[in-house]
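Residue numbers (my numbering): -13 to 344.
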Amino acid sequence: MTNGNGILGTDRFARLLVLALFALLFVDNASAQGRWIKLAPIPESSVESTSVTLADKIYVLGGTPAVDNTTPKGLVLEYDTATDRWTKKKNMPLPTHQAAAAEYQGKIYLFGGAVQPVANGPNLIPTSNAWEYDPTADSWKALAPMPTARLGAVAAEAGGKIYVIGGASVHPGAKLMSIGVGTPHRSLDVNEAYDPATNQWETQSPMPTARSHAAVGVVGGKIYVIGGRLGAANVMEGSNTDVVERFDPEQNSWGALGLRMPIARSGMGWATHENRIYIAGGEILDAHMFAAIRAVEAYDPATNQWSSLPTMPTARHGVIVAAIGNRLYVIGGHLQGGSIGGDAANTDVNEAFEFGDK
-13 MTNGNGILGT DRFARLLVLA LFALLFVDNA SAQGRWIKLA PIPESSVEST SVTLADKIYV
47 LGGTPAVDNT TPKGLVLEYD TATDRWTKKK NMPLPTHQAA AAEYQGKIYL FGGAVQPVAN
107 GPNLIPTSNA WEYDPTADSW KALAPMPTAR LGAVAAEAGG KIYVIGGASV HPGAKLMSIG
167 VGTPHRSLDV NEAYDPATNQ WETQSPMPTA RSHAAVGVVG GKIYVIGGRL GAANVMEGSN
227 TDVVERFDPE QNSWGALGLR MPIARSGMGW ATHENRIYIA GGEILDAHMF AAIRAVEAYD
287 PATNQWSSLP TMPTARHGVI VAAIGNRLYV IGGHLQGGSI GGDAANTDVN EAFEFGDK
């Protein structure tokens, strides 16, 4: 549009110039944050796998197809980020999904999860089993079981001990059974510490907000539990939370942080990179939608602030997330909310966000 002289009006020109500069700044900032790339897909797609990062490798353990009563996978896959190659390792002694895991001194520790004791039977029975996996020897060793059987917990190492926090299980004193939709069960506030040096467990101060399928990160020796699912193991019966709580292992005490996560969700992946905790994907359920999401957000404990990254290309929940070098890897998962779409909605995609200039 022009004025009567064929020249843009002064006010209109000024507004357009401001908008153009704003758009340019926005593009520059997005580019400076980084970019998404595609890498070698995971050989077998599944959901609710457990992952651990060790040096420049990502280990993916267990998982299950999306449909109830389908046999959980006992696969162990090693992804070498330096070569972009996957290698199959020795299977888990007991196929498990929705387990918690942490790395300590070159070993991988796996706790709890859901099992299927009878072929073609229910596959959401919580277990208290604990295992040590040695990636160098490609061997498994049974450890002292957890005091509390559960699935959907998180695990984090701090000060030489591994804290297994939250999860879901049957009500106290009840017989262990599959905790699917309609089965009486609850989310847990349980906090139990495993000492690899003594192979013993110790009960710690319970988490203020009982939940399962949360995210976890360790910064400055403190453990941060973020988001997750209240009330039940499955999102159809439970509800998502945006609560962020911090556990101090030295003081055996919890504190709630005032700033909540931007999007309340569960079933997301997480990783810690340069003292920030990154959350990717997850699932949401409300009156309007039931879906997997693309959001990627970072929490900085030093400032108690959240920031958003460019969304990942593929929305999914039950994802594997790891941070190595200048990349945030987001692998596998389910493309829909819950088990909608069945096994066909599981994805083998391996996408990584390459951090740009800071």
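Glycine residues also receive a C-beta, built at the ideal position from the N, C-alpha and C atoms.
Legend entry - Spatial distance of P81 from M298 (CA atoms): Here residue 81 is taken as the residue at index 95 of the sequence shown, counted from 1. Here residue 298 is taken as the residue at index 312 of the sequence shown, counted from 1. Those two C-alpha atoms are separated by around 30 Å.
Inset, instruction - To the nearest angstrom, report how far apart A88 and G168 are at their CA atoms. - result: Residue mapping note: residue 88 aligns to position 102 of the sequence shown, counting from 1. Residue mapping note: residue 168 aligns to position 182 of the sequence shown, counting from 1. Between A88 and G168, the C-alpha separation is close to 31 Å.
Legend entry - From A183, E30, V307, residue whose alpha carbon lies closest to that of N332: Mapped onto the sequence shown, residue 332 falls at position 346. Ranking the options by Cα distance to N332, first place goes to E30.
Legend entry - Where the beta strand (DSSP E) through G159 begins and ends: Against the sequence shown, residue 159 aligns to sequence position 173. Premise fails: G159 is in no beta strand (DSSP E) and is neither H nor E.
Inset, instruction - Report the option in R136, W240, A179 whose CA atom is closest to the CA atom of E143. - result: By 1-based counting over the sequence shown, the position of residue 143 is 157. Nearest C-alpha to E143: A179.
Inset, instruction - For A338, I'd like the list of residues in its chain whose CB is within less than 6 Å of its CB, leaving aside the five on either flank, ordered along the chain. - result: Taking the first residue of the sequence shown as 1, we reach residue 338 at position 352. So the list reads I23, L25, R313, Y315, once near-sequence residues are dropped.
Inset, instruction - Flag this pair as yes or no: are the beta carbons of W256 and A201 separated by less than 9 Å? - result: Numbered from its first residue, the sequence shown carries residue 256 at position 270. Numbered from its first residue, the sequence shown carries residue 201 at position 215. Cβ atoms of W256 and A201: closer than 9 Å.
Legend entry - Nearest-angstrom Cα separation, counted from V335 out to T113: Numbered from its first residue, the sequence shown carries residue 113 at position 127. Numbered from its first residue, the sequence shown carries residue 335 at position 349. Each residue's alpha carbon lies about 29 Å from the other.
Inset, instruction - Give a yes or no on whether the C-beta atoms belonging to A301 and I279 are separated by under 9 Å. - result: Stepping through the sequence shown from its first residue, residue 301 is reached at position 315. Stepping through the sequence shown from its first residue, residue 279 is reached at position 293. Yes, these two residues count as a Cβ contact at 9 Å.
Inset, instruction - Give every residue of the same chain whose Cβ lies closer than 6 Å to the Cβ of Y65, excluding the five residues on either side of it in the sequence, and list them in chain order. - result: Taking the first residue of the sequence shown as 1, we reach residue 65 at position 79. Same-chain partners within the cutoff: I44, W72.
Inset, instruction - Count the other CB atoms, across all protein chains shown, that sit within 10 Å of the CB of H199; report buried if there are 16 or more and exposed otherwise. - result: Position 213 of the sequence shown, counted from the first residue, corresponds to residue 199. Classification of H199: buried, given that the 10 Å Cβ count is 16 or more.
Legend entry - Between the CA atoms of V104 and P170 - distance to the nearest angstrom: Numbered from its first residue, the sequence shown carries residue 170 at position 184. Numbered from its first residue, the sequence shown carries residue 104 at position 118. Distance from the CA atom of P170 to the CA atom of V104, rounded to whole angstroms, is 21 Å.
Legend entry - According to DSSP, residues forming a beta bridge with L63: Here the question's residue 63 lines up with position 77 in the sequence shown. Its beta-bridge partners are V46, K74.
Legend entry - Contacts around L353, its chain only, beta-carbon distance under 8 Å, and the 5 residues preceding and following it disregarded: Because the chain spans -13 through 344 in this model, residue 353 falls outside it and cannot be assessed.
Legend entry - Contact under 9 Å by Cβ, L96 with G48: Here residue 96 corresponds to residue number 110 of the sequence shown, with the count starting at 1. Here residue 48 corresponds to residue number 62 of the sequence shown, with the count starting at 1. Yes. Within cutoff.
Inset, instruction - Might you give, ordered along the chain, the residues of its own chain that have their beta carbon closer than 8 Å to the beta carbon of A116, omitting 5 neighbours on each side? - result: Stepping through the sequence shown from its first residue, residue 116 is reached at position 130. Excluding residues within five positions, the ones whose Cβ falls inside 8 Å are Y95, L96, F97, G98, A128, L129, A130, P131, M132, Y180.
Inset, instruction - Please report the residue range of the beta strand (DSSP E) in which G224 lies. - result: Taking the first residue of the sequence shown as 1, we reach residue 224 at position 238. No beta strand (DSSP E) contains G224, which DSSP labels as neither H nor E.
Legend entry - E283, buried or exposed, once every other Cβ within 10 Å from all chains shown has been counted against 16: By one-based count along the sequence shown, residue 283 stands at place 297. So E283 counts as buried.
Inset, instruction - Using beta-carbon positions only, say whether V329 and T57 come within less than 9 Å of one another. - result: On the sequence shown, position 343 is the one that residue 329 refers to. On the sequence shown, position 71 is the one that residue 57 refers to. Per the sequence shown, residue 329 should be read as Asp rather than Val. Contact flag unset, no.
Legend entry - Top-ranked residue by Cα proximity to P287, from G153, H320, T258, V305: Walking along the sequence shown from the start, residue 287 turns up at place 301. When each option's Cα is compared against that of P287, the closest is T258.
Legend entry - DSSP three-state assignment for G203, whether helix, strand or coil: Taking the first residue of the sequence shown as position 1, residue 203 is located at position 217. G203 falls in the strand class under three-state DSSP.
Legend entry - L61 versus G146 - alpha carbon distance: Sequence index remark: in the sequence shown, residue 61 carries index 75 (1-based). Sequence index remark: in the sequence shown, residue 146 carries index 160 (1-based). Computed Cα separation, rounded: 28 Å.
Inset, instruction - Rank S125, E118, M222 by C-alpha distance to the C-alpha of A183 and give the top, closest one. - result: Against the sequence shown, residue 183 aligns to sequence position 197. Comparing Cα positions, the closest option is E118.
Inset, instruction - Assuming G203 and R215 form a contact by the criterion Cβ under 8 Å, report the distance between their Cβ atoms to the nearest whole angstrom. - result: Counted from its first residue, the sequence shown places residue 203 at position 217. Counted from its first residue, the sequence shown places residue 215 at position 229. That belief does not hold up - the Cβ atoms of G203 and R215 are roughly 18 Å apart, past 8 Å.
Inset, instruction - Give me the Cα-Cα distance between M222 and M275, rounded to the nearest whole angstrom. - result: Within the sequence shown, numbered from 1, the residue matching residue 222 stands at position 236. Within the sequence shown, numbered from 1, the residue matching residue 275 stands at position 289. C-alpha separation (whole angstroms): 12 Å.
Legend entry - Identity of the residues DSSP links to I265 by a beta bridge: Here residue 265 refers to the residue found at position 279 of the sequence shown. DSSP lists W256, E283 as partners of I265.
Legend entry - First and last residue of the uninterrupted beta strand (DSSP E) at A309: In the sequence shown, the residue the question calls residue 309 occupies position 323. 306 to 310 is the extent of the beta strand (DSSP E) around A309.
Legend entry - Among G318, G153, N177, Y210, nearest to G217 - alpha-carbon criterion: Here residue 217 is taken as the residue at index 231 of the sequence shown, counted from 1. Comparing Cα positions, the closest option is G153.
Inset, instruction - Classify S35 as buried or exposed, calling it buried when 16 or more other Cβ atoms lie within 10 Å of its own Cβ. - result: Within the sequence shown, numbered from 1, the residue matching residue 35 stands at position 49. S35 is buried by the Cβ-count criterion.
Legend entry - Simplified DSSP state of Q91, which is helix, strand or coil: What you label residue 91 is simply residue 105 of the sequence shown in a count that begins at 1. The answer is coil: DSSP assigns Q91 none of H, G, I, E or B.
Inset, instruction - Report the three-state DSSP secondary structure of G328 (helix, strand or coil). - result: As a working mapping, residue 328 is identified with position 342 in the sequence shown. Residue state for G328 is assigned as helix, using DSSP reduced to three classes.
Legend entry - Residue closest to N109, alpha-carbon to alpha-carbon, out of I209, S125, Q84, W126: If you number the sequence shown from 1, residue 109 lands on position 123. Looking only at I209, S125, Q84, W126, the smallest Cα-Cα distance to N109 is reached by Q84.
Legend entry - Residue environment, V53, which counts as buried when at least 16 other CB atoms sit within 10 Å: One-based indexing of the sequence shown puts residue 53 at position 67. Here V53 is exposed, its C-beta having fewer than 16 other C-beta atoms within 10 Å.
Inset, instruction - Answer yes or no: do M254 and H303 have a C-beta to C-beta separation smaller than 9 Å? - result: Along the sequence shown, one-based indexing puts residue 254 at 268. Along the sequence shown, one-based indexing puts residue 303 at 317. Yes, the pair counts as a contact, with Cβ atoms nearer than the cut-off.
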